[in-house]
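Quick notes on the structure that follows.
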Amino acid sequence: MATTVSERQQKKENFLRQFRDEDSKEIKQLTAAQFMEIWSHYDTDGNGFIEGHELDNLLRELASSVNSNDAGPDLIPDSVLKELKESFLEAYDENEDGKIEIGELAEILPTDQNFLLLFRKDNPLDSSVEFMKVWKQFDADCSGYIEADELKQFIKVLLTKRQGKNITEEKLIEYTDTILHIFDTNGDGKLQFSEMTK
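As structure tokens, this is what we get:
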């Protein structure tokens with residue numbers, strides 16, 4: 088099927104530019120939904136990492152999105168991209184696997200601070216034993232999965248423990264939906280233990 092001129096122009100548009108402030112050129116504070124939109128856009132194969140050509144695309148668009156003209160990301164020479172990629176991975180690839188994980192991207196982009204807490208490396212669940220305790224607490228019926236309402240309570244407890252203050256119902260729903268979008272691979276609206284351990 089042939090693509091139209093309009094479709095080709097849309098493909099060449101810089102995806103990240105919409106998230107930049109026109110005056111300061113800084114990336115705006117992202118909601119959880121916007122963060123996931125960016126993640127999904129660049130993790131094209133859905134494997135949970137931004138790597139290889141995906142990372143190249145992210146870096147090209149990140150660098151070229153500062154420019155307000157219609158210059159495309161393809162104007163960045165490969166040699167500059169290679170240097171940028173090496174520096175970027177050195178700064179943000181905490182486990183040095185050559186890939187950007189969702190938690191690493193959450194550290195890079197200006198994300199809603201409460202949402203960011205869910206991905207911090209120093210979160211309260213530092214071991215698999217603690218994870219199992221929390222899992223059992225919220226999977227009270229031992230069904231092997233946590234439903235959306237149970238997940239919402241888990242997020243509320245986690246964020247309240249981290250911040251010492253309550254979070255709005257609207258934000259809880261947004262975070263719950265976003266977490267389900269990330270980890271609910273079979274789309275049943277529940278988190279299975281196997282989905283959380285991948």
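Residue numbers (this note's numbering): 88 to 285.
Just so it is clear, CB atoms sit at the ideal spot from N, CA and C, and this is done for glycine as well.
Coil, strand or helix - residue i by DSSP
| i | result |
| --- | --- |
| Leu278 | strand |
| Leu117 | strand |
| Ile195 | helix |
| Glu188 | strand |
| Glu237 | helix |
N-terminal and C-terminal residue of the alpha helix (DSSP H) that residue i is part of
| i | result |
| --- | --- |
| Glu148 | 139-151 |
| Ile266 | 256-270 |
| Glu173 | 165-179 |
Other residues of its chain near residue i: CB distance less than 8 Å, five sequence neighbours each side excluded
| i | result |
| --- | --- |
| Asp209 | Bear in mind that the predicted position of Asp209 carries a pLDDT of just 48, short of 50, making it unreliable; the figure below should be weighed with that in mind. Here the set comprises nothing. |
| Gly276 | Glu234, Ala235, Leu267 |
6 Å Cβ shell around residue i - same chain, five flanking residues per side excluded
| i | result |
| --- | --- |
| Glu138 | Lys186 |
| Gln116 | Pro197 |
Residues near residue i in its chain [Cβ-Cβ closer than 7 Å; skip 5 each side]
| i | result |
| --- | --- |
| Phe225 | Ile233, Glu237, Gln240, Phe241 |
* Cβ pair count under 8 Å reaching 3, the stretch 240-248 against the stretch 258-267 -> yes
* Asked: Counting Cβ pairs closer than 8 Å, one from the stretch 101-121 and one from the stretch 174-181, do we hit at least three?
  -> no
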